[in-house]
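Student: For reference, each letter of the sequence shown is one residue, going 13 to 277 in the working numbering.
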Amino acid sequence: MTLLTVFFIYLALGAFAGILAGLFGIGGGLVIVPVLIFSFGLQGFDPEVAAHMAVGTSLATILFTSISSIRSHHGHGAVRWDIFRPMAFGIVAGALIGAWTAALLSGATLELIIGIFVILVGIKMLFDVNPTPGSNVPGNFRLGAVGAGIGWASAIFGIGGGSLTVPYLSWCNVRMQQAVGTSAATGLPIAIAGALGNAWTGWQEPGLPEYSLGFIYLPALIGIILTSVLFARVGANLAHRLNARVLKRVFAIMLLLVGLRFLLS
């Protein structure tokens, strides 16, 4: 596989991930991480660092994608900033700890954990499993604690946290469009803290390829953000115009297949 071919794959991946980020509020990481792991394997990267690099690079791309998505959702009045602010403090701390936790895992273990998580998200989306609203929005301390848990898990899986934040906010009786918009906003502190944490924990890691910034692979980062930022706006606009149920189920089936691929390998 030539470098030019790989770069075009990164461009296409960025476009797809950007649409998903805006449409479902999931940050695109659920697509970016598995595809990067497969791509890094084809490029002959060390299997012990491939999954860590996929996670770190995914979080770095979400930094750019989330900014574009936030602007679009804010323009529709769909971001609950009163919820975002207390959650953001916990998210930053949790994401930094999550990046450190991921660095302690072997490459095979991290891939297994990612595969299980992808399957669980796929099942949730396929059967439209959503929590029944059962609580009002809690106080700032509880929001911060929940944010810490979401940030920790998101930094391990390389996601923007939407698959965790949206169900939680829905359970708190937040309207769905506002839950998606607020989730997109929380992806920004997750991405910042997670990307910095992965750059730091992978700085002296042996086996990294050229053009790596810790666990962040710069060619993939550049290729993905060139298209993801543009297409995140497209996805955010579609979220306010289309019934995404069919698209969500197709995406869920794809996640199940990807997750099974990880488990079987």
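Heads up, the beta-carbon is just placed ideally off N, CA and C, and yes, glycines get one too. This one's a predicted model, so the numbers in the text were calculated from it and none came from an experiment.
Would you identify the three-state DSSP class for Y223, choosing helix, strand or coil?
Tutor: If DSSP states are grouped into helix, strand and coil, Y223 belongs with coil.
Student: Looking at the strands, I want to know which residues DSSP matches up with I202.
Tutor: BP columns for I202 are empty, so no partner.
Student: Hey, T239 and A115: beta-carbon distance below 8 Å or not?
Tutor: Their beta carbons are not under 8 Å apart, which means T239 does not touch A115 by this criterion.
Student: Could you tell me which residues DSSP puts in a beta bridge with I228?
Tutor: Note: I228 sits in a beta bridge opposite L225.
Student: Could you spell out where the alpha helix (DSSP H) holding E123 opens and where it closes?
Tutor: Counting along the chain, the alpha helix (DSSP H) containing E123 begins and ends at 119 to 138.
Student: What does the alpha-carbon distance come out to for the pair I135 and A248?
Tutor: Approximately 23 Å, taken between the alpha carbons.
Student: Count the other C-beta atoms from every protein chain shown that fall within 10 angstroms of the C-beta of G89, then say buried if there are 16 or more, exposed otherwise.
Tutor: Exposed, because fewer than 16 other Cβ atoms sit within 10 Å of the Cβ of G89.
Student: Applying the 10 Å Cβ sphere with the 16-neighbour rule, what's the burial state of S118?
Tutor: It counts as exposed.
Student: How would you label L275, buried or exposed, when you count the other beta carbons within 10 angstroms and need 16 or more for buried?
Tutor: That one is exposed.
Student: Cα separation between G56 and F76?
Tutor: Answer to the nearest angstrom: the Cα atoms are 27 Å apart.
Student: Could you check which residue in S175, L48, A244, G173 has the C-alpha nearest to that of H85?
Tutor: If we check each option's Cα against that of H85, A244 comes out closest.
Student: Hey, could you find the ends of the alpha helix (DSSP H) T113 is sitting in?
Tutor: Start and end: 93 to 116.
Student: Quick check on T17: buried or exposed, where buried means 16 or more other Cβ atoms within 10 Å of its Cβ?
Tutor: With fewer than 16 Cβ atoms within 10 Å of its Cβ, T17 is classed as exposed.
Student: Taking the alpha-carbon positions, what's the M99 to L220 distance?
Tutor: Cα to Cα, M99 sits roughly 34 Å from L220.
Student: Once you ignore the five residues that flank A232 on each side, which residues in its own chain have a CB closer than 7 Å to its CB?
Tutor: Taken in chain order, the residues that qualify are Y22, L48, T69.
Student: Whose C-alpha, out of M188, Q189, A205, T121, is nearest the C-alpha of I162?
Tutor: Of the listed residues, the one whose Cα sits closest to I162 is A205.
Student: Could you tell me the alpha carbon to alpha carbon distance between I74 and G146, rounded to whole angstroms?
Tutor: For I74 and G146, the distance between alpha carbons rounds to 30 Å.
Student: What's the gap between the Cα of Y223 and the Cα of A207?
Tutor: Their Cα atoms are separated by approximately 16 Å.
Student: Taking Cβ positions, are S166 and A107 nearer each other than 8 Å?
Tutor: Their beta carbons are under 8 Å apart, which means S166 touches A107 by this criterion.
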